[in-house]
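Chains as they are written, first to last, in the working numbering: chain A, 3 to 500; chain B, 3 to 500.
Just so it is clear, CB atoms sit at the ideal spot from N, CA and C, and this is done for glycine as well.
Just so we're clear, the structure is a prediction, and the values are computed from it rather than from any experiment.
Have a look at the structure below before the remarks.
Encoded structure:
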């Protein structure tokens, strides 16, 4: 163990943003002083104009600093995290997620991908099968594959995993495929990629089945605080109720965690600062039963050990300065940012395409408002031209998260219309479209990427008949979004020969 | 991917120490202005008196900043590390370790425990056996055990792994135990726990055997820059040649890495900033063939992803400010610190005990100067009393690292002298002594902790007959060291009934 005198940091410091840096609602354009002022606040970002306060973490210890010094933070530390991190994560999970069992613990990890990877290694033996949503976060599967974990995909609807499909899959499990799955990996909020939000009623139904079949639930919830108002077309949009909430009613308005109904300690919840502070801090935590926490601590000790002390001390110094109350205020501000981005994105889609809304009654979007996008006539001269009235893609405006999950209407592709089959060596239609779009300058994530049908039997979607894209609205500027959506339209027209 | 506008750090800053903060030699006490001045410089540490310069990493990008901004560092980044980290690690490995094959790469990890854990997962299947030193770093075995990796311990001598023992173990491998080991885990410098330093001649012998039997060498080398002058008793100590070295001759004086003779790309070298900057930065890198680097990148993507961006950017900003030349100067300074600590520790041992030096010709210390410690007579009245002339423990002053590995002379324990056998349920003599010492207030690491004989067949040392302690001299103050060594003496007297 090195001596702290040879740690070359005398201190670290930061200018940190104030917790109320972002407004609590997106003003209607008409109400704003300038029609573009709120857009500017969200998209016209200028880092030189941030309002900040200064914080310092000194090397030297001082009484009552709770270990918030570099002599501690830069030394080897417990795999449970620095004292400040342990205290913060426990307080936050208590306040926000309210576990229904008494002796839960929190334990740090370096982000939820790492958190899930640790859980998979802790809970599974080679040859085991985990339960996952039929469309899921690809890295979760990539973490499991090298340790020979198979996947049992369960059908989704507009709220998330379907209880009937889950029960059927467990009840009819074929023991020749190994022991019945005992782990479920789920992204219940801002479901990746579908953007669905699982409410408490659905969680109860899923939880009860997991009790019946003794399934451990790993709840990967990075988008928890990006729960948004339902999307409304621009003309029908009213003032959000968000602005008049206080911290308490904000937290109460969020769909509860599985933890809130977990009376048995079978939920391992993964939280991360990646979407609420920054991905680069590589810091998150698990909330779980002590049995799991102890094993996760051992995994931590033999891999990363305590997460980076510079990262932990700066993030915890930020939280100390803000207080938990300030952090909740910050979370309210950033969800407005992402809500406004989602609205701007879909508003622009509705300008470029002709959108029709309907309530979907079956399939992955059952119970949701589905928007079907048609190409707009090229000019008023051809306004009545029937052939352009083709449904090109469909989507459900996400109620949480950072992505829109779009379903391409491949049935309308010329090849499909002719009844032709693509050659075996050719790219799937989904990937043909993805490639054309990427060559046009727009990078989306192709649907196959998210398919949980990764088992060797080759079951799963036919990407010549079922094509998806996951498009992110979280990062681009307004100009880039507009440009991207126009390229998307042009590529769709070429692809569908509209 | 979140938008950088919602990253709450406007910048991070640090006051960093100057690269020449520590002197290049430990002046003899007689030469110093005050007899204690050099000790004060090393042990009388006062963090408020550090000489520093100020560095800033802003959020905003600017031209030519090489990605050294928080907009980049706090975003998701490549599992190969930030651009600055990639550049630094490649330049440093090139300058210092000089790999003998052309297309090597560097890839980050979060410290060498993580680095080895990744290598084990990359290279081994369940049931495989790895080669390790008979005494080794316990976490390395703890990382391997859960993936069902067995260990083949190889005997050590005063330089490290014995070539004859390695060849014999590989040539006579019993295939009924699974495939012949194809991975060697080694800590060649500051061997943990023995403190041995493997020179280039020995490395060549080991490498050639690894070529013959197709063994991949994982070289875990955290103590590489803590290579010290040979210990000399205080009276015989002369001015170190270290002070007159320049950076180049310093680097040339260090025992070369396995990489320097690796013409085949079969060495994966693990480097860490833990011992040279601080453990809490959780940053290190592998230098290896591109085949391995690619797989390690995939493992990184599905676990920690890029190491903490606050850590990476602050460490790399430090290196930018210092330059590699400054960092090498820093390394020269800190090895003097640890050398002086080792000297102070052994000097104090020689005051409390009566030490005798002999050259050892066989066993784990073959070829080294071994010091045997006897209890000093309690007072001059009993100076000639024969019964106190008991050899209590032996050690070799380490030539690198942070530890002294002490062998307890259990043959002199009253139980052994009586020829009695301890009860089966009792603690081993080693652990009895360890417990007494810990209860006295001195925490050492017991020998069994480092034994590579962890296989189910129960082979390996009998800790009633062979007892060790690893004592660290890297962290305690002079007062604590003196006090600890006195407690050690008192506990030894009680234990050996002297």
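Cβ of residue i within 8 Å of any chain B Cβ
{"i": "residue 62(A)", "result": "yes"}
{"i": "residue 358(A)", "result": "no"}
{"i": "residue 54(A)", "result": "yes"}
{"i": "residue 139(A)", "result": "no"}
{"i": "residue 376(A)", "result": "no"}
{"i": "residue 221(A)", "result": "no"}
{"i": "residue 212(A)", "result": "no"}
{"i": "residue 339(A)", "result": "yes"}
{"i": "residue 509(A)", "result": "It is not possible to answer for residue 509(A), since the shown part of chain A is limited to 3 through 500."}
{"i": "residue 320(A)", "result": "yes"}
Per-residue DSSP class, three states only, for residue i
{"i": "residue 114(A)", "result": "helix"}
{"i": "residue 302(B)", "result": "helix"}
{"i": "residue 186(A)", "result": "strand"}
{"i": "residue 82(B)", "result": "coil"}
{"i": "residue 498(B)", "result": "helix"}
{"i": "residue 159(A)", "result": "strand"}
{"i": "residue 279(B)", "result": "coil"}
{"i": "residue 60(A)", "result": "strand"}
{"i": "residue 249(B)", "result": "helix"}
{"i": "residue 354(A)", "result": "helix"}
{"i": "residue 6(A)", "result": "helix"}
{"i": "residue 99(A)", "result": "coil"}
{"i": "residue 199(B)", "result": "strand"}
{"i": "residue 315(A)", "result": "helix"}
{"i": "residue 544(B)", "result": "Residue 544(B) lies beyond the residue range present for chain B, which begins at 3 and ends at 500; the question has no answer from this structure."}
Within chain B, partners of residue i - CB distance below 7 Å
{"i": "residue 18(A)", "result": "10, 11 and 12"}
{"i": "residue 50(A)", "result": "62"}
Within chain B, the residues that residue i reaches when beta carbons sit closer than 8 Å
{"i": "residue 476(A)", "result": "3, 4 and 5"}
{"i": "residue 310(A)", "result": "112, 282, 283, 284, 285, 309, 310, 312 and 313"}
{"i": "residue 466(A)", "result": "Ordered by position in chain B, no residue passes the 8 Å Cβ test against residue 466(A), which lies about 28 Å from the chain."}
{"i": "residue 128(A)", "result": "128"}
Inter-residue CB distance, residue i and residue j (contact presumed, cutoff 8 Å)
{"i": "residue 182(A)", "j": "residue 172(A)", "result": "6 Å"}
{"i": "residue 284(B)", "j": "residue 69(B)", "result": "Not really, about 20 Å apart at Cβ, beyond 8 Å."}
Residue(s) in a DSSP beta bridge with residue i
{"i": "residue 286(A)", "result": "111(A) and 274(A)"}
{"i": "residue 361(B)", "result": "371(B)"}
{"i": "residue 408(A)", "result": "397(A) and 471(A)"}
{"i": "residue 224(B)", "result": "For residue 224(B), which the question treats as bridged, DSSP gives no partner whatsoever."}
{"i": "residue 55(A)", "result": "18(A)"}
{"i": "residue 518(B)", "result": "Because chain B in this structure spans residues 3 to 500, residue 518(B) falls outside the shown range and cannot be described."}
{"i": "residue 11(B)", "result": "18(A)"}
{"i": "residue 453(B)", "result": "137(B)"}
{"i": "residue 379(A)", "result": "Bridge partners of residue 379(A): none, in fact."}
{"i": "residue 229(B)", "result": "402(B)"}
Cutoff 8 Å: residue i Cβ touching any chain A Cβ
{"i": "residue 371(B)", "result": "no"}
{"i": "residue 284(B)", "result": "yes"}
{"i": "residue 345(B)", "result": "no"}
{"i": "residue 95(B)", "result": "no"}
{"i": "residue 79(B)", "result": "yes"}
{"i": "residue 316(B)", "result": "yes"}
{"i": "residue 500(B)", "result": "no"}
Under 8 Å from the C-beta of residue i: neighbouring residues of chain A
{"i": "residue 277(B)", "result": "4"}
{"i": "residue 427(B)", "result": "By Cβ distance, chain A contributes nothing, its closest Cβ being about 26 Å from residue 427(B), past 8 Å."}
{"i": "residue 116(B)", "result": "305, 306 and 307"}
{"i": "residue 364(B)", "result": "Here the premise fails: no neighbours, minimum Cβ distance about 33 Å."}
Within chain A, the residues that residue i reaches when beta carbons sit closer than 9 Å
{"i": "residue 87(B)", "result": "By Cβ distance, chain A contributes nothing, its closest Cβ being about 12 Å from residue 87(B), past 9 Å."}
{"i": "residue 76(B)", "result": "279, 280, 281, 282 and 283"}
Where residue i meets chain B, residues with beta-carbon distance less than 9 Å
{"i": "residue 441(A)", "result": "Under the 9 Å cutoff, chain B gives no residues; its nearest Cβ is about 21 Å from residue 441(A)."}
{"i": "residue 144(A)", "result": "300, 303 and 304"}
{"i": "residue 67(A)", "result": "Within 9 Å Cβ-Cβ: nothing; residue 67(A) doesn't reach chain B, min ~13 Å."}
{"i": "residue 332(A)", "result": "8 and 10"}
Partners in chain A for residue i, counting only beta-carbon separations shorter than 7 Å
{"i": "residue 229(B)", "result": "Within chain A, no residue comes near residue 229(B); the closest Cβ sits about 16 Å away, beyond 7 Å."}
{"i": "residue 336(B)", "result": "8"}
Any non-hydrogen atom of the ligand MN closer than 7 Å to residue i Cβ
{"i": "residue 469(B)", "result": "You won't find the ligand MN in this model; it holds no ligand whatsoever."}
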